[in-house]
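Below is one structure, written out as structure tokens, with a few remarks after it.
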Amino acid sequence: MVTQAKLYSEQCRTYGQWINGKEIKAENLIERFAPESGKVVAQFAEGTKEDALLAIENAKETFEAGTWSRMPGAERAKILARWARLVEEESELLTRIEIEESGKIRRVAEGDIAGTVDLIVYASSLANQVSGQAYMDIGEGLNAFVVKEPAGVVGAIVPWNFPTIIFGQKVPLALAAGCSVVVKPSEFTSGTAVELARLAKKAGVPDGVLNVVTGYGVPVGQTISESADVDVVSFTGSTRTGQLIAQGQGTNFKKISLELGGKSAAIVFEDADFDAAIDGVLFSIFLHQGQVCCAGSRLLVHENIAEKFVHALKARAEALVTGPLDDAKTEVGPLVSPEHLKIVQGYVSSAIDDGAEVICGGKVTQQAAYPDAPAQTFLPTILNGITPAMPIFYNEVFGPVLTVTKFSTREEAVKLANDSNYGLAGSVWTENIQTAFYVAQRVRTGTIEINTCLEGKPQLPFGGYKASGLGREKGLTGLEEFTETKTIGLRV
Ligand code: NAD
């Protein structure tokens, strides 16, 4: 019998570049092999430096022409609201693309699209509210207006793990602010970016305001990030690429926001609601096979409950269901690529050499619906006995691998949590509000959640301390990343 999942993967979508409101066919194509089936599910235009420059030129022209940047906010708000509705109407197509290109299970892919709709709705609600301050008679007849202007052309560079929602964290707010945008999706997962741009045109976003150039980081991402005609670089990806982008700025003083890697701690105290903490810790590490920047990849657990907690986690992790991605019961899918699988395996085997105890997982298994595809599913893995002397305590694995470290006091828990170059997120599990706040105030991360985790809502700024990046996405702070502040003085 041909399953639904198989039917999906028998189609292959071909995408051109989306520049100035038109799809432009490319000479060379990048083939995307689906993580689940191993078959080619999409072909993306392999962008050149010239493609990126053309898109930037169009974005700059439309910005300067003012068709979008000076359009009344209320009009922009209406167009963004229409865009949100169109995206919602196309949810099934976008979900299927997410399943096939990034290897997400259906529930997570659906959540990604619904979250993107929410982000566009939120941006629409702000488009008519970009405002500043007025100062009247502040000295000898001086008055002043502090105004927010659209920052210009935004280069939005997006990774493969959440291609739609990360697009959604950047592009709608940039458009709400009045900017023009050039998006560079990941070479693994470019389909939804082109589809979203197509829908934006249908909603009324003028040609040239939202462009998508697919292709590799070099030359496309590099050209966008280094162009003097790009005023804001909004990058999400690895800390290594973020460093290259920061270095490549040379003497360009553009605005940069970098959303980079993480090694977040889930801190579980003795008095935590045991079942809620188990649910939260599992969700925060095994969502999308751990390929999540803010994954709770380090469990820090109080020594008095450590054994019982790890025992319960093992039972739950081993019960997670592998199966066809399109099946609502499936909880574990494949990693994004064979290369990424090797990286994850490498981290785990080095940790074992360093003395880690494998509680569960550590093995690769076949995708159930595709016995002939390359095996790419890494079973949920828990490594016990991890200390700060081991590299796995620090390195971002970006896979379904939870490390377990014990602590005895809240001071030690905070010290361990902060013992990281990263500072993206974290969670603390306790019934004691004093303990919760003690930790929340001292952990040096952009987000810390108490008795919950991974609650990304459009209103809540997201970003990192330290090597997890610069700047914030989402919320009012996220909107600010796409504006410049101008002071207009007036003496009367
Ligand atoms: P990556 O850095 O390899 O690629 C990200 C994007 O940058 C891709 O579109 C890629 O083509 C492009 N790129 C590559 N080289 C470039 C260059 N020299 N100049 C400009 N662009 C270039 O990251 P990835 O493997 O796609 O994603 C995984 C990483 O992303 C993980 O480290 C993860 O933690 C991080 N991430 C962070 C967040 C966050 O919000 N902090 C969210 C998701 C993922």
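Under the working numbering, think of the first position of the sequence shown as -14, with each following residue one higher. Even for Gly, the Cβ is constructed at its ideal location relative to N, Cα and C.
Residue i CB to nearest heavy atom of ligand 1 below 7 angstroms
i: Cys(-3); result: no
i: Asn237; result: no
i: Cys278; result: yes
i: Thr430; result: no
i: Ile151; result: yes
i: Val138; result: no
i: Pro356; result: no
i: Gln207; result: yes
i: Val203; result: yes
i: Glu465; result: no
i: Glu172; result: yes
i: Lys169; result: yes
i: Thr462; result: no
i: Arg145; result: For the sequence presented, residue 145 should be read as Trp rather than Arg. Yes, since a heavy atom of ligand 1 falls inside the 7 angstroms radius drawn around the Cβ of Trp145.
i: Glu83; result: no
i: Glu244; result: yes
i: Ala324; result: Ala is not the amino acid found at residue 324; the sequence shown has Glu there. No, the beta carbon of Glu324 sits no closer than 7 angstroms to any heavy atom of ligand 1.
i: Ile15; result: no
i: Glu434; result: no
i: Ser87; result: no
i: Glu381; result: yes
i: Leu38; result: no
i: Leu387; result: no
Local conformation of residue i per DSSP, three classes
i: Thr(-1); result: strand
i: Lys169; result: strand
i: Thr462; result: helix
i: Glu434; result: strand
i: Arg497; result: Because the chain in this structure spans residues -14 to 477, residue 497 falls outside the shown range and cannot be described.
i: Val198; result: coil
i: Asn403; result: helix
i: Gln118; result: strand
i: Gly454; result: strand
i: Phe487; result: Residue 487 lies beyond the residue range present for the chain, which begins at -14 and ends at 477; the question has no answer from this structure.
i: Phe29; result: strand
i: Leu326; result: helix
i: Val333; result: helix
i: Pro57; result: coil
i: Ser68; result: Before going on, a small fix: residue 68 reads as Trp here, not Ser. Three-state result, Trp68: helix.
i: Ser412; result: strand
i: Glu342; result: strand
i: Leu158; result: helix
i: Ser210; result: helix
i: Glu255; result: coil
i: Ser223; result: coil
i: Leu272; result: helix
i: Val(-13); result: Confidence at Val(-13) is low in this model, with a pLDDT of 37, below 50, so its placement is unreliable and the value that follows should be read with caution. In the structure shown, Val(-13) sits in coil (DSSP, three-state: anything other than H, G, I, E or B).
i: Gly474; result: strand
i: Arg91; result: helix
i: Ile479; result: Only positions -14 to 477 of the chain appear in this structure, which leaves residue 479 out of reach.
Supposed close pair residue i, residue j - CB separation, criterion 8 angstroms
i: Glu21; j: Ala354; result: 7 angstroms
i: Ala37; j: Pro204; result: 7 angstroms
i: Gly431; j: Leu243; result: Contact doesn't hold; Cβ gap of about 12 angstroms is too wide.
i: Ser453; j: Gly246; result: 6 angstroms
i: Ser210; j: Ile230; result: 5 angstroms
i: Pro376; j: Ser335; result: 7 angstroms
i: Ser412; j: Glu434; result: 5 angstroms
i: Thr366; j: Gly347; result: 5 angstroms
i: Ala136; j: Arg61; result: At roughly 15 angstroms, the Cβ-Cβ gap does not stay under 8 angstroms, so Ala136 and Arg61 are not in contact.
i: Arg(-2); j: Gly176; result: 6 angstroms
i: Glu466; j: Ser219; result: 7 angstroms
CB contact below 8 angstroms: residue i versus chain C
i: Thr420; result: The structure shown contains no chain C, having only a single protein chain.
query: Three or more C-beta pairs closer than 8 angstroms, one from the region 187 to 199 and one from the region 39 to 49: is that the case here?
result: Short answer: they touch.
- prompt: With a cut-off of 8 angstroms, do at least 3 Cβ pairs link the region 61 to 80 to the region 234 to 252?
  reply: At 8 angstroms Cβ cutoff, the stretches do not touch.
- prompt: Do the region 260 to 278 and the region 438 to 445 make contact, defined as three or more Cβ pairs closer than 8 angstroms?
  reply: Yes: at least three Cβ pairs fall under 8 angstroms.
- request: Answer yes if the region 176 to 187 comes into contact with the region 106 to 123, meaning at least three C-beta pairs across the two stretches below 8 angstroms, and no otherwise.
  value: These segments do not touch.
query: Would you call the region 97 to 107 and the region 73 to 84 touching, i.e. three or more CB-CB distances under 8 angstroms?
result: Yes, the region 97 to 107 touches the region 73 to 84.
- request: Could you say if the region 118 to 131 and the region 398 to 416 meet the contact criterion of at least three C-beta pairs nearer than 8 angstroms?
  value: Using a Cβ-Cβ distance cut-off of 8 angstroms, the region 118 to 131 and the region 398 to 416 are not in contact, since fewer than three pairs of beta carbons, one from each stretch, lie closer than that value.
task: Report yes or no: do three or more beta-carbon pairs, one from the region 354 to 368 and one from the region 419 to 431, lie closer than 8 angstroms?
output: Taking a cut-off of 8 angstroms on C-beta distances, the region 354 to 368 does not touch the region 419 to 431, as fewer than three cross pairs fall below it.
query: Is the region 372 to 390 close to the region 327 to 346, with three or more CB pairs under 8 angstroms?
result: The region 372 to 390 vs the region 327 to 346: in contact.
query: Using 8 angstroms as the threshold, is the region 252 to 268 in touch with the region 283 to 303, meaning 3 or more CB pairs across them?
result: Here the region 252 to 268 lies against the region 283 to 303, with 3 or more beta-carbon pairs under 8 angstroms apart.
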